[in-house]
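Chains as they are written, first to last, in this note's numbering: chain L, 1 to 381; chain C, 1001 to 1201; chain P, 2001 to 2156. The beta carbon of each residue, even a glycine, is placed where N, CA and C say it ideally should be.
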Ligand code: SF4
């Protein structure tokens, strides 16, 4: 933790009283920045006058690295983008490749992709809510939420052998089919889930302290959410009814029956509660997908090891736990992409921080930051 | 633990109430028992670091407790990629830790750069380029168990490097080494012959 | 939005801004419209008025002599998205910022400035964002060289 006073500057306010503006540097290693974020905060007393996020402490150059790797070799790199929800980056990237190389994906693979991504949403939201809970002092809720995430991770481990970096979705399908009995354990999990979520709901959102810390903090209006490119729960909590799964449907989502959770106040409380309520919907989707799924291949026939798409470009996007996650690929006809760009939802959402934190106290800055659910692997890429 | 036994013997002989040991032996034994960790979680490995300290894996039972403040901690667990931009901050946090201090490099990124070794312009290829690393844990990410094993190895390391000048301890726990008498390549529980069935076909 | 409507919409914008860069294709439902760099601001305003209220992505592609800038817009009311592409010369990489039209461009343009060195005129706060402020060079340019890079051996 480094809260270093970088400088003090003394000015005079309108009525001639000396005002000291204090510049406090939060991060890049701070338990409440959820990674290696840094915010340079200008304070007037305890009130934030200006918050300037400094990012890039985890800029690993994945876009540059992709230019020297084949299309298949990039899949493991996409795992490391959004490490709280690796499946999303896998899928978004593979969709872009499939669009670029005109591949078709078998139906079973699409269903399994939907299942793993909805499970991933639960895991990712649990991490987001849990971290927010820890920021507001409700550490018990963090442990509860993380325990639920751990169950999902166990399911993924049974599926593809990895706990965090799955490398499961591949261009043209999946790396492997689900093992025997996996679907049953998924159904068991989602059946037990609503009760556990209820527990978490009353433990965290029912807590007067948590409500007091989050309600009315960092209010984002619907116009601002749209203009600033916010997506995902961050935008939906402000009343923007926009979910790619519903309104620009991809994969087999049109066959699923679920509701889009929309908030109305757009404060930190709504953003976090929106995440929690989405987990119920995810459980519903998983249940339907398992019921609708049939046997069959999970990888398209005839996908070459060395994918060489025709020159051109393609963009595709999915609804990740943080919002619209898009991948833009440019091919020059060689086995390696000419350019890969990741449109990261967390990046766009974090850009709201200066606006949202202004006028709140320093301790509320942490709550606002947590409610935006930043993941720096995806922000910095 | 040998030292504890000796304490017990001493107590019996003297009728209780008096402990006879050299202070440095007691200090060396106790130093490694409660390593508080500074979780320098920068990237994906941080998730496994959190998982290791939470309910299922429960780091606390090993006496290791994550404290997000360098001034309270003995061991820095480097979990995640370190970039050129982050390097000065990591070094500064390390310098803020009180002596004696240790560093655990968790994950391939901090061991060697890992998946980010080639083609990238911003990643530090291994934390040992600017920090003295004591224990390396490979994996991308390492499982929480691997992290806990790494910290147990560090404990042994701490105990072996005595505070008393010139004093060294023998390796006591952990895995048998090739030079140990107990070391053997043979599986202690060989699979039953029926499963091998090589000549059945 | 159907393809015909989209074609009509683009035709309308085209007549408005006479000198549109002659690139236009409709593929997989995403329209691509190319504009001359001087026309970018006016096209952006027109598209904003036509209902494209969201700027999803701003990025660039290094094409040797030029940089291709790619903007992806989206409209909730029209349920349509559109790509706007333009080019800037490598030896004079200047383009008008669209921050006034879509504030979402703020950080995205900073990122393009950081990684490609394209200067967005009119941007309120054009600083590096991912690399350190005193960094030299623009890493995503194809000719970027840095002593820290170890090239991966060619396995394929
Ligand atoms: S070792 Fe692997 S999992 Fe750990 S930080 Fe590096 S890339 Fe991420």
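Counting only runs of 3 or more residues that sit fully inside the stretch 1018 to 1105 of chain C, the beta strand (DSSP E) segments are 1036 to 1041 and 1075 to 1079, in chain order. Taking a contact to require three or more Cβ pairs closer than 8 Å, the stretch 2146 to 2154 of chain P and the stretch 86 to 102 of chain L do not qualify as touching.
Look at the beta carbons and you see the stretch 1132 to 1139 of chain C touching the stretch 1147 to 1154 of chain C: at least three pairs across the two are nearer than 8 Å.
Out of 311(L), 115(L) and 90(L), the CA that lies nearest to the CA of residue 292(L) is found in 115(L). With respect to residue 118(L), residue 294(L) sits apart: the two C-beta atoms are not nearer than 9 Å. Annotation for residue 212(L): the continuous alpha helix (DSSP H) segment containing it runs 208 to 214. Here the alpha carbons of residue 1037(C) and residue 2053(P) stand approximately 48 Å from one another.
For residue 1097(C) and residue 58(L), the gap between their C-alpha atoms comes out near 23 Å.
The Cβ of residue 1080(C) sits closer than 9 Å to at least one Cβ of chain L. Check the Cα spacing between residue 199(L) and each of 144(L), 22(L) and 240(L): the tightest is with 144(L). Distance from the CA atom of residue 52(L) to the CA atom of residue 1109(C), rounded to whole angstroms, is 29 Å. Counting only runs of at least 4 residues, the stretch 1107 to 1166 of chain C fully encloses the following alpha helix (DSSP H) elements, listed from N- to C-terminal order: 1108 to 1111 and 1144 to 1160. Residues of the same chain with a CB within less than 8 Å of the CB of residue 151(L), apart from the 5 flanking positions on each side, are 189 in chain order. Annotation for residue 318(L): the continuous beta strand (DSSP E) segment containing it runs 312 to 320. Closest in alpha carbon position to residue 1142(C), among 1121(C), 1124(C), 1054(C) and 1105(C), is 1105(C). With distances taken between CA atoms, residue 1088(C) lies nearest to 28(L) out of 22(L), 137(L), 140(L) and 28(L). Sequence-distant Cβ neighbours of residue 2074(P) in its own chain, meaning closer than 6 Å and more than five residues away, are 2054, 2056 and 2081. Against chain P, a Cβ distance below 8 Å from residue 68(L) picks out 2151 and 2152. Within the stretch 1128 to 1143 of chain C, contact with chain L at the beta-carbon level (separation under 9 Å) is assigned to 1140, 1141 and 1143.
In the structure shown, the three-state DSSP call for residue 201(L) is helix. With a minimum length of 4 residues, the unbroken runs of alpha helix (DSSP H) contained wholly in the stretch 124 to 197 of chain L fall at 139 to 160. Note: residue 2094(P) is bridge-paired with 2119(P) in the DSSP secondary-structure output. If you check the C-beta of residue 1116(C) against the ligand SF4, you find a heavy atom less than 8 Å away.
Between residue 342(L) and chain C, the shortest Cβ-Cβ separation is not below 9 Å.
Contact residues of the stretch 1102 to 1113 of chain C toward chain L are absent (C-beta to C-beta distance below 8 Å). Around the Cβ of residue 1071(C), a 10 Å sphere holds fewer than 16 other Cβ atoms; the residue is exposed.
The closest heavy atom of the ligand SF4 lies 8 Å or more from the beta carbon of residue 56(L). For residue 347(L), the neighbours in chain P by C-beta distance under 7 Å run, in chain order, 2107. In the displayed model, residue 2074(P) falls within a strand according to three-state DSSP. At a cut-off of 9 Å between C-beta atoms, residue 1041(C) counts as an interface residue with respect to chain L.
Inter-residue distance for residue 226(L) and residue 2144(P) is about 35 Å (C-alpha atoms, whole angstroms). Short of 6 Å from the beta carbon of residue 133(L), and not among the five residues preceding or following it, lie these beta carbons of its own chain, in chain order: 141, 142 and 204. In the three-state DSSP reduction, residue 229(L) falls in the coil class, being neither helix nor strand. The shortest C-alpha to C-alpha distance from residue 343(L) to any of 357(L), 332(L), 328(L) and 350(L) is the one to 328(L).
With contacts defined as CB atoms closer than 9 Å, residue 1131(C) and residue 1032(C) fail to qualify as a contacting pair. Leaving aside the five residues that flank residue 2065(P) on each side, the residues in its chain whose CB is nearer than 8 Å to its CB run, in chain order, 2089 and 2090.
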